[in-house]
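J.: Line order of the protein sequences matches chains A and B.
Heads up: the first sequence runs through residues -2 to 130, numbered per our numbering.
Heads up: the second sequence runs through residues 934 to 1086, numbered per our numbering.
Here's a structure for you.
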Amino acid sequence: MAPEYAVVSERATILVVEDEVLIRLLIADELRDAGFVVIEAACADEAVSLFATGMRVDLVFTDVRMPGDLTGLDLARELSVQQPSLPVIITSGNVTAQDAHGLGLFVSKPYELSRVVCLIEERLGLSVPGSDG
Amino acid sequence: MHVILIVEAEIVVRTALAEYLRECGYQVLEAVSGTEARTILANPATDIDILLAAAQLPDESGFQLSAWARERCPSIEVLLAGSVAKAAEKAGNLCEDGPQQTLPYNHKNLLARIRRLLAARHRNLNSSGSVDNLAPGGTILGNQGAHGRLVAS
């Protein structure tokens, strides 16, 4: 299946939305090591502020339960309307894939960092699905 | 690679500054609040060389955070960023040589400041074998331990 979204020439920018700072730090580092530009947001409200500036983001990787007015699901719902082609990956230890249905790919917590990197590369068309060891 | 912890609540400011410093070759960690910064600083897996904090944070002042950080990690260098109204006044009490730079962050000036701080730290480490007696140009020393430099407008 062809990727919905492909980044060809530039480093892709991933927005990581995660309120647990050490988890955010880990996944952000892993993604930077994989060659991505990573923007870190500590809650969905921060992510919304960032999008309001018009900053380019190629993929959003968001937790669900976070402080602030919006959950990660709210963020994904908003983005599905405003930027329907923007890939979103939702992660949570509290909700299920069914809750995230239609809003983006779901990854349950805890997750393996390398698996998330592979999924992101797949979603961006940077690797063949299922090609990770 | 030197590690810089940026503590800044405003995502656009933090992101731009962090990305610039990464492009300059530093490893940059980001925190949005004093609580997040303390979590990172308390994590044994992280070894921070420079704490770059806004003077006003959502949950505490950058001054409180830097005092705590210096107490916990005496070798850490601290840069505080704030507005004139409050930060400069406090800087008069906490720092020997007062405000150093202006806000909003001038990335190049800040980079020069970081490089000078690290160079001074390196010189002092080489000459004394410890970071307890930093010369002028290094970290500011105070009665309650060093609090750091102020980057203020």
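By construction, the Cβ of each residue, glycine as well, lies at the ideal position given by its N, Cα and C atoms.
Looking only at its own chain, which residues have a Cβ that is under 8 Å from the Cβ of B:A951, when we skip the five neighbours before and after it?
T.: If we look at B:A951 and ignore the five residues flanking it on each side, its Cβ neighbours are I939, V961, E963.
J.: Considering just the uninterrupted stretch of the alpha helix (DSSP H) at A:V71, what are its terminal residues?
T.: For clarity, residue 71 of chain A is Asp in the given sequence; the question names Val instead. Where A:D71 is concerned, the enclosing alpha helix (DSSP H) stretches over 69 to 79.
J.: In the DSSP output, which residue or residues are listed as bridge partners for A:D60?
T.: Note: A:D60 sits in a beta bridge opposite A:T88.
J.: Please list the partners that B:A964 has in chain A, where partner means a Cβ-to-Cβ separation under 8 Å.
T.: V18, listed in chain order.
J.: For A:F48, name the three-state secondary structure that DSSP assigns.
T.: The answer is helix: DSSP assigns A:F48 an H, G or I state.
J.: What residues from chain A crowd round B:I937, counting only those whose CB sits closer than 9 Å?
T.: Those within 9 Å of B:I937 in chain A number zero; the least Cβ separation is about 13 Å.
J.: Give the residues from the region 962 to 992 of chain B that approach chain A closer than 9 Å (Cβ to any Cβ), ordered along the chain.
T.: Within the region 962 to 992 of chain B, the residues whose Cβ lies closer than 9 Å to some Cβ of chain A are L962, E963, A964, V965, S966, T968, E969, A970, T972, I973, N976, A978, T979, listed in chain order.
J.: Identify, in the order they occur along the chain, each residue of the same chain with its Cβ nearer than 7 Å to the Cβ of A:D16, setting aside the five sequence neighbours on each side.
T.: If we look at A:D16 and ignore the five residues flanking it on each side, its Cβ neighbours are A39, C40, D60, M63, P64.
J.: For A:E27, does the three-state DSSP call read helix, strand or coil?
T.: Three-state DSSP puts A:E27 in a helix.
J.: Contact check, A:E37 vs A:V13 under 8 Å by CB: the rounded distance?
T.: About 5 Å separates the two Cβ atoms, so the contact holds.
J.: Anything in chain B within Cβ reach of A:V212, meaning under 8 Å, just list it in chain order.
T.: Nothing can be reported for residue 212 of chain A: it is not among the residues displayed for chain A, which extend from -2 to 130.
J.: Within the same chain, show all residues whose beta-carbon is closer than 6 Å to that of A:G101, passing over the 5 residues directly before and after it, in chain order.
T.: Result list for A:G101: A73, V85, I86, I87, in chain order.
J.: Kindly indicate which residue of B:A942, B:E1004, B:K1041, B:R1046 has the alpha-carbon position closest to the one of B:P991.
T.: Selected option, being the one with the closest Cα: B:A942.
J.: Can you name the residues that DSSP bridges to B:V961?
T.: Paired residues: B:I937.
J.: Using a Cβ cut-off of 7 Å, pull out every chain C residue sitting near B:I944, in sequence order please.
T.: Among the chains of the structure shown, chain C does not appear; the protein chains present are A and B.
J.: Just the Cα atoms here: how many angstroms apart are A:I117 and B:R1048?
T.: Roughly 35 Å separates the two Cα atoms.
J.: Could you tell me the alpha carbon to alpha carbon distance between B:C1006 and A:S124, rounded to whole angstroms?
T.: If I take the Cα positions, the gap works out to 42 Å.
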